[in-house]
Amino acid sequence: MNFQSPDLHAYFSGRWTFFRTMLGADDVLIGEADGTAEFLRVSDTSLLHYKESGQLRLTADQRVVAFSRRFDYEIAGDLVHVAFADGMQAGQAYQSYRYDAVKQALLPVEAHLCILDRYDGSYQLIDTDQFELRTRIDGPHKDYLVHTHFTRAPG
Numbered sequence: 476m477n478f479q480s481p482d483l484h485a486y487f488s489g490r491w492t493f494f495r496t497m498l499g500a501d502d503v504l505i506g507e508a509d510g511t512a513e514f515l516r517v518s519d520t521s522l523l524h525y526k527e528s529g530q531l532r533l534t535a536d537q538r539v540v541a542f543s544r545r546f547d548y549e550i551a552g553d554l555v556h557v558a559f560a561d562g563m564q565a566g567q568a569y570q571s572y573r574y575d576a577v578k579q580a581l582l583p584v585e586a587h588l589c590i591l592d593r594y595d596g597s598y599q600l601i602d603t604d605q606f607e608l609r610t611r612i613d614g615p616h617k618d619y620l621v622h623t624h625f626t627r628a629p630g
């Protein structure tokens, strides 16, 4: 893969596994999750449907919670626009990113505000089979860092 001008549509397409940590204030572990994710191509468009599912283990009470989430990724050259694809916010913009070839990263064009809490994420493309998503959420209601490491699933 050419990381100077990657085909982001091709890069993300396919099945992935992930491991996620959620850290609160003072780097206190809130929980860990693992699961599977898939970016599905929508034929004849620049759209990828993203869906993930997994198990979240909460540190405080060791409770395990199943979860799933969907987003739509609209890719236009070095720009990636992410929108909610489920829940009450389906169809609404979440975040936009621009690819930075020097950093091999998708960096935020703008942050997402959820009421007064700010979501600020970035994607680090490690190699053809791994990337990381780091999202910092801070505001009057939330204060944590979500770090997700994705590995391309075999086959």
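Using this note's numbering, the letters of the sequence shown correspond one by one to residues 476 to 630. Ideal Cβ positions, reconstructed from N, Cα and C, are used throughout, including at glycine. The model shown is predicted, which means the values in this text are computed figures rather than measured ones.
Look at phenylalanine 487 here: in three-state DSSP terms it is helix. When beta bridges are read from the DSSP output, serine 597 appears opposite Arg609. Between phenylalanine 546 and tyrosine 572, the C-beta spacing is not below 9 Å. Looking only at Phe478, Phe493 and Gly510, the smallest Cα-Cα distance to leucine 608 is reached by Phe493. For secondary structure counted as the alpha helix (DSSP H) over 4 or more consecutive residues, the region 477 to 543 holds these complete runs in sequence order: 483 to 487. As DSSP reads the structure, histidine 624 sits in a beta bridge with Phe494 and Glu607.
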